[in-house]
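This report concerns only the one structure given below.
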Amino acid sequence: MTDNTLTKQIFIECRPETLFAFFTDPDKMIRWMGRQVLLETRIGGKFRIDLNGSDIAMGEYKELVPNERIVMTWGWERSKLVPPGSSTVEFRLAPQDNGTLLTLTHYDLPSAEEIASHAKGWTHFMGRLRTLAQGLGSRPNGALSDPAAI
72 MTDNTLTKQI
82 FIECRPETLF
92 AFFTDPDKMI
102 RWMGRQVLLE
112 TRIGGKFRID
122 LNGSDIAMGE
132 YKELVPNERI
142 VMTWGWERSK
152 LVPPGSSTVE
162 FRLAPQDNGT
172 LLTLTHYDLP
182 SAEEIASHAK
192 GWTHFMGRLR
202 TLAQGLGSRP
212 NGALSDPAAI
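Numbering (my numbering), first residue to last: 72 to 221.
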């Protein structure tokens with residue numbers, strides 16, 4: 072972590088193309104992140120992710136390199152500290168051994184408190200993503216079948 076940047080990594084036992092779909096397919100994304108997801112998966116396309124009925128992430132796709140990289144602006148619908156478009160999230164997918172190393176870098180967060188808050192959130196959601204992408208499944212409502220697996 073430097074000044075206003077958060078970086079997290081997680082190894083996921085799946086192919087990069089499997090993992091990439093969890094960022095670009097609304098039916099897959101909603102299983103690991105959110106109650107309602109709207110994605111325009113193209114450069115310049117918008118996204119809106121309702122995480123829990125009150126926290127709504129919004130932004131725009133800036134780069135999409137299939138199975139390798141996703142860059143999007145990021146912010147919160149009702150936030151003055153991190154409004155939509157005020158920060159950038161980059162996901163890098165690197166094939167490694169029997170899976171994919173996912174590196175998340177979240178740039179331009181305004182404070183140490185926001186970095187800590189986003190670190191906690193990303194840790195939670197990256198754990199859910201790993202569980203699903205590795206084929207451990209979830210219930211249709213998005214609840215993990217084995218929450219202890221995170």
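Just so you know, even glycine gets a beta-carbon here, dropped at the ideal spot from N, CA and C.
By the Cβ-count criterion, Thr194 is exposed, with fewer than 16 other Cβ atoms from all chains shown falling within 10 Å of its own Cβ. The alpha-carbon separation between Phe118 and Glu161 amounts to approximately 15 Å.
With contacts defined as CB atoms closer than 8 Å, Ile83 and Thr176 fail to qualify as a contacting pair. Between the alpha carbons of Ile127 and Gly105 lies a gap of roughly 9 Å. Proximity of the stretch 80-94 to the stretch 151-166 meets the contact definition, three or more beta-carbon pairs being nearer than 8 Å. When DSSP states are grouped into helix, strand and coil, Glu184 belongs to the helix group. Secondary-structure assignment with DSSP links Lys117 through a beta bridge to Glu131.
Between Leu180 and Met197, the C-beta gap is not smaller than 8 Å, which leaves the two residues out of contact.
In the DSSP annotation of this structure, Leu152 is not part of any beta strand (DSSP E), being labelled neither H nor E. By DSSP's assignment, Gly170 forms a beta bridge with Gln167. According to the DSSP assignment, Thr95 belongs to the alpha helix (DSSP H) that extends over 87-95. Assigned with DSSP and collapsed to three states, Met100 falls in helix.
By the neighbour-count definition (other C-beta atoms within 10 Å, threshold 16), Ile114 is an exposed residue. Residue environment analysis places Lys151 among the exposed positions, since fewer than 16 neighbouring C-beta atoms fall within 10 angstroms of its C-beta. Cβ contact annotation for Ala204 (same chain, cutoff 7 Å, sequence separation greater than five): Ile83, Cys85, Thr89, Leu90, Phe93, in chain order.
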